[in-house]
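Enquirer: In our numbering, the protein residues as written are 14 to 154. Glycine included, every Cβ here is placed at the ideal spot set by N, Cα and C. Because the structure is a prediction, the values reported are computed rather than measured. Structure provided below as structure tokens; questions to follow.
What follows is the structure in structure tokens.
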């Protein structure tokens, strides 16, 4: 039977495919799919992300102030379950990952309260992993 759940597809630039493989495949545990000399597919929790060799396009460039932090405007990531987020935070800390926004709780006591952390991949692309205790708060106003 074919799974018909929508999945996102994201293509993003990297400056080193082997470093991308080590980060996404090794550290984050994303299984590798198809590849060619200039790109590689990864399975990010059922979503297809594709690292394309494009050194002139890597890295985030702008920030936006959010809850007292400079959040990279261009970023991607996942909304994990609460326990999975905490496990991911511990795994990344244990691996010595340098966070651009340390794991913590944003909007504490407010609508949309969430656990969040930001880090950079080896090419300088920003990733955010977040979690909500109540999934009903994901789009709450």
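Determine whether the beta carbon atoms of residue 121 and residue 143 lie at a separation below 8 Å.
Expert: No.
Enquirer: Assuming residue 72 and residue 136 form a contact by the criterion Cβ under 8 Å, report the distance between their Cβ atoms to the nearest whole angstrom.
Expert: That belief holds up - the Cβ atoms of residue 72 and residue 136 are roughly 7 Å apart, short of 8 Å.
Enquirer: In angstroms with no decimal places, state the Cα-to-Cα distance between residue 26 and residue 57.
Expert: Answer to the nearest angstrom: the Cα atoms are 16 Å apart.
Enquirer: Alpha carbon to alpha carbon, how far is residue 79 from residue 115?
Expert: Cα-Cα distance, rounded: 14 Å.
Enquirer: Which partner residues of residue 52 appear in the DSSP bridge assignment?
Expert: According to DSSP, which records beta bridges pairwise, residue 52 is partnered with 49 and 65.
Enquirer: Assuming residue 83 is part of the beta strand (DSSP E), what are its boundary residues?
Expert: 82 to 85 is the extent of the beta strand (DSSP E) around residue 83.
Enquirer: If we count the other Cβ atoms within 10 Å of its Cβ and call it buried at 16 or more, is residue 64 buried or exposed?
Expert: Buried, because 16 or more other Cβ atoms sit within 10 Å of the Cβ of residue 64.
Enquirer: Measuring straight from C-alpha to C-alpha, what distance separates residue 151 and residue 48?
Expert: Looking at the two C-alpha atoms, the distance is approximately 34 Å.
Enquirer: Spell out the partners DSSP gives residue 35 in its beta bridges.
Expert: Paired residue(s): none; residue 35 is not in a bridge.
Enquirer: Measuring only from the beta carbon, is residue 24 closer than 7 Å to any heavy atom that is part of the ligand ADP?
Expert: Looking for the ligand ADP in the displayed structure turns up nothing, as the structure carries no ligands at all.
Enquirer: My output table needs one value for residue 41: the three-state DSSP class, helix, strand or coil.
Expert: Residue 41 falls in the coil class under three-state DSSP.
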